[in-house]
Structure formats: structure tokens, C-alpha cells
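Read the structure below first, then the notes.
2 protein chains.
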Amino acid sequence: MHSLAISRRKRQYRTRQLMNVRTLCLAILHFSEATGYEIKKMSTEEHFSFFVDASFGSIYPALSRLQDDGCVTVREEFESGKPSRKVYSITDKGRQELHESLRVLPRRDSFKSEFLLMAMCAEILDREMIVRAIDRHLKDMEAEIEMLNQVLEHCDDTSGGKIWVAKFGRQVKQQALDYFIKHRHELEALVPDNQAQAAE
Amino acid sequence: MHSLAISRRKRQYRTRQLMNVRTLCLAILHFSEATGYEIKKMSTEEHFSFFVDASFGSIYPALSRLQDDGCVTVREEFESGKPSRKVYSITDKGRQELHESLRVLPRRDSFKSEFLLMAMCAEILDREMIVRAIDRHLKDMEAEIEMLNQVLEHCDDTSGGKIWVAKFGRQVKQQALDYFIKHRHELEALVPDNQAQAAE
DNA sequence: TAGGCCATGTAACCGGTTACATGATTAG
DNA sequence: CTAATCATGTAACCGGTTACATGGCCTA
Chain P
30 MHSLAISRRK RQYRTRQLMN VRTLCLAILH FSEATGYEIK KMSTEEHFSF FVDASFGSIY
90 PALSRLQDDG CVTVREEFES GKPSRKVYSI TDKGRQELHE SLRVLPRRDS FKSEFLLMAM
150 CAEILDREMI VRAIDRHLKD MEAEIEMLNQ VLEHCDDTSG GKIWVAKFGR QVKQQALDYF
210 IKHRHELEAL VPDNQAQAAE
Chain Z
30 MHSLAISRRK RQYRTRQLMN VRTLCLAILH FSEATGYEIK KMSTEEHFSF FVDASFGSIY
90 PALSRLQDDG CVTVREEFES GKPSRKVYSI TDKGRQELHE SLRVLPRRDS FKSEFLLMAM
150 CAEILDREMI VRAIDRHLKD MEAEIEMLNQ VLEHCDDTSG GKIWVAKFGR QVKQQALDYF
210 IKHRHELEAL VPDNQAQAAE
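Following this line, the structure appears as C-alpha cells:
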């Protein structure tokens, strides 16, 4: 099955995905200037979390590259008693690249859940684990909804797109939560409560 | 805690995530034996798609390793007029590892959407692109719901967990679709139709 | 005859994460 | 005195994807 000699190297891996950290940064900076630290927060905790879960290790290099490519400009702020901040702003070139990126037809949404994997295998787990996971899952869902409520309350900005997305997210998550509360007992019931014999 | 020996010896990147292709394979094989090809289908098109989007390039090596580790066994099937199939079955050791993996508290659900990124930036796009993306998005959502309906219809198996997850997924996606249909015009309205006024 | 489905597998590559380095300020 | 928050950044690493190789059968 092997035996093929290394022939020509005409491999050009050009992924050109819509969603990567570079595009995320451009999209966020399109709405307002921000530091790398703020971008990280927005993309993990706040309502830009629908896109990419970026970490510092990917954001800072992305911002540097964007700067090199002339897509963003930097303004350094020094305040006594605070670490210095590098505030990035998008340029026309950056806006153009963002626009270009958004021309691609979006891929399918991706919903991934370790919790559902656990739920699916509920029958081989013990009651206590399931209950703990369910409680935690509930809290997470509530926190996310609360976050979106906060976003929508303090929405002084004029961007209809941002508001539409936040409302959509809140609605979907709220309905998921409602369903979850109503049906969690069915999931719990899948595991017989044999705690007495499960002494470890 | 003492801080003296900490800094140097945590150089071993032990990710130990619940969700990776290895665990996905074990979870699928926990329900029934399958080939790599089938696992790929289930994890991308069918209702195991809530977990990891795995490709052949990750599934086949994962199965080989699982075999080496004694977590699965293989039975090769030769049928005239068809490619040979390698049917994998989980072993006790495999079940044990799955159980062990599921002990970890699940991480937060992750919902990622290129479509929502587009929606958020709707105002800088042109009408035609948005409408095209919305129509496609609708189709995708409908297809996913239909898939889950199929799964639930042909559910001869006794696994309550599988059914619970499929029902949950269907419900959430259906509600998202309903909301989407009701509010898509608001999104469309964000983009002035300054292009082809005559079109419609 | 083209393309899609079945079916397995490898290797190059890459887009990220994790750990680490650094350090000031504020809240408990 | 500890932990969290603010703040930037690098390098090792890795869990995947993409492209490639192979080939037979079936349908339009």
C-alpha cells in the first residue's frame, strides 16, 4: 500500500475558513476598538462567544499579524498604576478583508456537548454523577442567559445585527433551559439509585 | 500548598478531555459494533453529531490505537462485490475506559455559528448575500430536524439515553427554527435593498 | 462516462491550546 | 497573605483536517 515515491509537492492547503481568530478579531474591532485582553473576554464570556473560543495564545499573534498586514492600527495607553494597554482599531483594509471573508457561504452551525455525550451514556453511569452534571449544566445555561440579558440591557449601540444575534441566542437558550428543567427527571430516572451498593 | 517544586515538573501536557475522537469511538461502539466508515457517518450526519466532528483521518488511526490497547476487537468481513469491512466491537477494557472518561465533569456546551457571525455583521453586507445565507441556513436546520425525526422513528433500541438526547436536540432545533422563521425579516430589514429594487 | 457511494488508510500540515514568563493593583 | 483581575506575549505541543492513494459497484 505504500511504495509511492515522494512525487511533486503541489500541495497548497488553503483553508480559507470564514471563522478563525483573525476574522473574529476583525469582526470585533469592526464594532469598536479593543485590546487583546478585551477580545479574549468578549469571545469566551460575552456575546461574541458564538463564534470562536480564542485564547491569548492565538489572539495576540493574530493581532500582531493583522498589524503587519495593515488591517489594524495600535495605540498604546499608559496609565499609572495599570499595565499598559495596546488598543487596536480596524483600518479600511481590515474592513475590506472582513467583508471579503463574509462573502463565503457560512458552514453549518456546530453544537457540541460533552454533557449530551454523558447523557447518552447515562445508563452506564451512577446516579450521583448524572445529578451533579445536570445541576452544573443548569447553572451554566442560566449563566449564559443572564449574560445575554446583560448584553441586551446595556445595549447603547446602534448595531441591529448585534442585537438580533443576542436576542436569538437568548431565546434559543431559554427554551432549551425550559425543556431541560421539564425533562431532567426522565434522564435521572434512567439510572437506578443504587448508591447504597456503590460504596467505593 | 508549597510552591517549590511546582514550576518545573508540570511539563506533561495531559489534556484528558472528555471529548476526543477516541472517546467518541468508544461511545458509539458501546451501543453497537461498527466500521470506521459508519462511525464517520454517525458522527457527522447522524445523531452522534452532538459530540465531535471527526474525519477519516482521525477515526482510522484512533481505531487502530484502540485495537492496540485492547479496547476494541476487529472482525474483517469480505463480501464479493464490496470493499472489505473492518467491524469493530468494544471490549470490557474499552467499556472501562469509556466509563472512566465519563467521570470527568462535562465542560460547557459549545455553540458556534458562522451564520450568526454573518448576521452580526449584516449591515456591512449586501441584501442578496444575507438572503442566500438565510435560505441555506433554514434548509440546514430543517435537514437536521428531519434527521433526528428519522432517528427517533427507527428507534428499535432500548437505550433511553440515546432517545432522550435525540428528543432534546429535536426540540431545541425546532424551537430555534420557529423563532428563526418568525424573525428572519428583521434581519433582512437591516440591509437596505439598494441593489435590485425590481427584484420582487 | 461522470459522479456518487462504499471502504480503508497515510502523511503533511495547521489552527489552535496549554504552560510558562512577568508584574502591578485591588479585593477578601 | 492570598487570590483574582488586568495585561502582554512566546514556544512547545497536539488533536485534529485536508489532500492524497486506491478501487470496485451502481446509477443517471
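Protein sequence lines, in the order shown, are assigned to chains P and Z. The first sequence begins at 30 in this note's numbering and counts up by one. The second sequence begins at 30 in this note's numbering and counts up by one. We treat Cβ as the ideally placed atom computed from N, Cα and C, and that holds for glycine.
On the DSSP bridge list, what partners appear for residue i?
{"i": "Ser118(P)", "result": "Thr102(P)"}
{"i": "Lys141(P)", "result": "Ser139(Z)"}
{"i": "Ala63(Z)", "result": "Tyr117(Z)"}
Just to confirm, is the Cβ distance from residue i to residue j under 8 Å?
{"i": "Met149(Z)", "j": "Ala91(P)", "result": "no"}
{"i": "Val194(Z)", "j": "Val201(P)", "result": "no"}
{"i": "Ile174(Z)", "j": "Arg213(Z)", "result": "no"}
{"i": "Leu95(P)", "j": "Arg51(P)", "result": "yes"}
{"i": "Leu134(Z)", "j": "Arg132(P)", "result": "no"}
{"i": "Leu58(Z)", "j": "Tyr117(Z)", "result": "yes"}
{"i": "Lys122(P)", "j": "Cys100(P)", "result": "yes"}
{"i": "Met71(Z)", "j": "Phe77(Z)", "result": "yes"}
{"i": "Leu47(Z)", "j": "Ser109(Z)", "result": "no"}
{"i": "Phe85(P)", "j": "Ser188(P)", "result": "no"}
{"i": "Leu127(P)", "j": "Ala83(P)", "result": "no"}
Under the assumption that residue i contacts residue j (Cβ atoms under 8 Å), give the Cβ distance between them as a whole number of angstroms.
{"i": "Val220(P)", "j": "Arg124(P)", "result": "Val220(P) to Arg124(P), Cβ: 53 Å. No contact."}
{"i": "Met170(Z)", "j": "Phe209(Z)", "result": "7 Å"}
{"i": "Ala151(P)", "j": "Gly190(Z)", "result": "4 Å"}
{"i": "Lys196(P)", "j": "Leu216(P)", "result": "Not really, about 29 Å apart at Cβ, beyond 8 Å."}
{"i": "Met176(P)", "j": "Glu74(P)", "result": "7 Å"}
{"i": "Asn178(Z)", "j": "Arg199(Z)", "result": "7 Å"}
- Query: Can you find at least 3 beta carbon pairs, one from the segment 132-149 of chain Z and one from the segment 112-122 of chain Z, that sit closer than 8 Å?
  - Reply: no
- Query: Can you list the alpha helix (DSSP H) stretches of 4 or more residues lying completely in the segment 152-197 of chain P, in chain order?
  - Reply: 156-182
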